[in-house]
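Worksheet: one structure, shown below.
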Amino acid sequence: MAEEHVGAGGTRWTGENYEDERIPVVCYVGLGSNVCREDSLSRGLQRLAQLFPDLRASGVYESPAFGFEGPPFLNLVVRIRSNRNVHGLVRQLKYVESEIDGPHGGEGLRSRKLDIDLLLHGDSVICEAGLTVPRPEASTRGFVLAPLAELAIDEIHPVFGVTWGALWAKLAEKEGVVRYLDADRIYSNAGLSSSRV
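Under numbering that gives the first Met the number 0, the final residue of the sequence shown carries the number 196; numbering is consecutive throughout.
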């Protein structure tokens with residue numbers, strides 16, 4: 000019988016039910032925080048690195064809160080390999096998110112310790128209630144596109160047919176996104192070596 004995991008927010012996932020990809024798929028995952036930012040990102044990175052040993056992290060970028068009044072966010076993207084299907088991976092990521100962000104009343108725009116979103120799952124294209132892959136913000140919001148393009152500059156958007164680097168170069172509004180200069184502290188506290196950044 001598979002072990003069931005329950006996050007602080009009530010999110011549940013059962014590993015055995017979602018390991019259905021024969022070959023691990025390259026996935027990109029976005030992390031963001033505007034509450035206890037460095038510590039929250041370090042904890043999220045550390046947890047994801049335990050689950051996905053070949054994790055690679057982008058640089059960290061700072062940007063104003065989008066869609067609501069709040070402190071600025073720190074954002075980064077990680078590249079992982081997973082043999083879970085899209086739905087299983089999303090549930091696993093939300094479990095990790097709930098461990099750090101705690102229970103809350105919904106997924107709306109708000110200040111938070113940690114927000115984790117699946118941006119890309121191989122070349123999968125999914126559009127259904129509550130789940131769109133590739134995530135739309137990945138190609139339209141600078142705070143997601145900047146770190147994603149850093150890791151996947153020559154990879155092709157599975158819908159638009161252009162590289163992520165080209166999408167970043169053409170993004171008209173960079174939204175005040177700047178490179179965060181103290182990122183090494185976040186990586187170090189997460190136990191990530193320089194070879195994984």
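No residue lacks a Cβ here, since even glycine has one placed at the ideal position from N, Cα and C. Model, not experiment: these values are computed from the prediction.
Here the segment 148-163 makes no contact with the segment 172-188; the two share fewer than three CB pairs at distances below 8 angstroms.
Counting every other CB atom within 10 Å of its CB across the protein chains shown gives I125 a total below 16, marking it as exposed. With respect to L40, L92 sits apart: the two C-beta atoms are not nearer than 8 angstroms. Residue environment analysis places S62 among the buried positions, since at least 16 neighbouring C-beta atoms fall within 10 angstroms of its C-beta. Where H86 is concerned, the enclosing alpha helix (DSSP H) starts and stops at V85 to D100. Less than 8 angstroms separates the beta-carbon of V28 from that of I115. Judged by DSSP in its simplified three-state form, R178 adopts strand. Where S81 is concerned, the enclosing beta strand (DSSP E) starts and stops at F72 to S81. Here I22 carries a coil assignment [DSSP, helix/strand/coil].
Annotated as proximal: I79 and D53, with beta-carbon spacing under 8 angstroms. Contact between W163 and L180 fails: their C-beta atoms lie close to 23 angstroms from each other, not under 8 angstroms. Per DSSP, E136 lies in no beta strand (DSSP E) segment; the continuous alpha helix (DSSP H) that holds it begins and ends at E136 to T139.
Straight through space, the alpha carbons of P102 and V196 are spaced by roughly 30 angstroms.
DSSP places D114 inside the beta strand (DSSP E), whose first and last residues are D114 to H120. Under a 10 Å Cβ-count criterion, K169 is classified as exposed, with fewer than 16 other Cβ atoms of the shown protein chains found around its own Cβ.
For E37, the enclosing alpha helix (DSSP H) has its first and last residue at R36 to L50.
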